[in-house]
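Under the numbering used here, the first residue of the sequence shown carries the number 15, and numbering increases by one thereafter.
Here the structure is laid out as structure tokens; the discussion comes afterwards.
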Amino acid sequence: AARIGATFGQEITPGFDQGGSQFDAEGNFADWWTEEDLAKFEALTAAAFLFIASQAILESIFAIWSMNRFGAGPRTVGLVMFALAMFAVVMQGGLVRVLAPRFGEVRLAIAGVLSLVTGLVVVASADHLSIVLAGFALCGLGAGAFSPSAAALASEQATGQDRGAVMGTYQTGASLAHRWIDAEALSA
Numbered sequence: 015a016a017r018i019g020a021t022f023g024q025e026i027t028p029g030f031d032q033g034g035s036q037f038d039a040e041g042n043f044a045d046w047w048t049e050e051d052l053a054k055f056e057a058l059t060a061a062a063f064l065f066i067a068s069q070a071i072l073e074s075i076f077a078i079w080s081m082n083r084f085g086a087g088p089r090t091v092g093l094v095m096f097a098l099a100m101f102a103v104v105m106q107g108g109l110v111r112v113l114a115p116r117f118g119e120v121r122l123a124i125a126g127v128l129s130l131v132t133g134l135v136v137v138a139s140a141d142h143l144s145i146v147l148a149g150f151a152l153c154g155l156g157a158g159a160f161s162p163s164a165a166a167l168a169s170e171q172a173t174g175q176d177r178g179a180v181m182g183t184y185q186t187g188a189s190l191a192h193r194w195i196d197a198e199a200l201s202a
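Here is the structure:
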């Protein structure tokens, strides 16, 4: 728990440093966050944290869960995880390019979250490995839709000169989820 708290404090506090957000890229006093933009950005970063945490939890417990529930071995687990990744790659590598201009990043990010949640429910209630694959397809499509859409939305919250700071903060929130889950897994 102490390691998680230290990691959280080290990673998140620079990103939400209200004093630092009052200076531009050259160090001049210029508060570039409006209250509305900051609220949107904090909500988006929190959503990314929760989304990635749920993915990391699924990845960390799937092997044990599938072995206990279905008797799946390492090869089966590896193939199922590969299928999950392939659905995400197909979505992120090709379909997002077509869907984002048509529906917009906000709708695509929401669809990604809904797809992930639906996929997790399907996986949790599956009574056969083939149903788990269907759930993982939904999870992969959701991840592939959410990740680039959320990153695009975060990027829209910045001006050109502040984009690095904004995207760094967003990525910090997102990567914290993996660190948190990894630390929990190591301490168990």
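Every residue gets a Cβ at the ideal spot worked out from N, C-alpha and C, and that includes glycine.
Classify residue i as buried or exposed, calling it buried when 16 or more other Cβ atoms lie within 10 Å of its own Cβ.
| i | result |
| --- | --- |
| A123 | buried |
| E119 | buried |
| Q171 | buried |
| A164 | buried |
| P162 | buried |
When DSSP labels each residue in this structure, what does residue i get in the three-state scheme?
| i | result |
| --- | --- |
| T186 | helix |
| P28 | Summary for P28: the model assigns pLDDT 46, below 50, so the residue's position carries little reliability; its value from the coordinates is reported in the next sentence. Note: P28 maps to coil in three-state DSSP. |
| G108 | helix |
| G149 | helix |
| T90 | helix |
| A172 | coil |
| T48 | coil |
Would you kindly check if the distance between the Cβ of residue j and the Cβ of residue i is under 8 angstroms?
| i | j | result |
| --- | --- | --- |
| L130 | F65 | yes |
| S189 | R177 | no |
| G133 | L113 | no |
| A98 | F160 | It should be noted that the sequence gives Leu, not Ala, for residue 98. Result no, Cβ atoms of L98 and F160 do not sit closer than 8 angstroms. |
| G154 | M81 | no |
| V146 | V137 | yes |
| G158 | V103 | yes |
| L128 | F84 | no |
Quick check: does the Cβ of residue i come within less than 7 angstroms of any heavy atom belonging to the ligand NAP?
| i | result |
| --- | --- |
| I71 | Questions concerning the ligand NAP fall outside what the structure shown contains, since it holds no ligand whatsoever. |
Under 8 angstroms by Cβ, that's how I've got residue i and residue j pegged, so tell me the actual separation to the nearest angstrom.
| i | j | result |
| --- | --- | --- |
| L167 | L52 | The pair is not a contact, with the Cβ atoms about 14 angstroms apart (cut-off 8 angstroms). |
| G126 | G156 | 5 angstroms |
| M95 | F117 | Actually they do not touch by this definition, with Cβ atoms about 28 angstroms apart. |
Could you tell me whether any Cβ in chain D is nearer than 8 angstroms to the Cβ of residue i?
| i | result |
| --- | --- |
| V91 | Absence of chain D from the displayed structure is noted, only one protein chain being present. |
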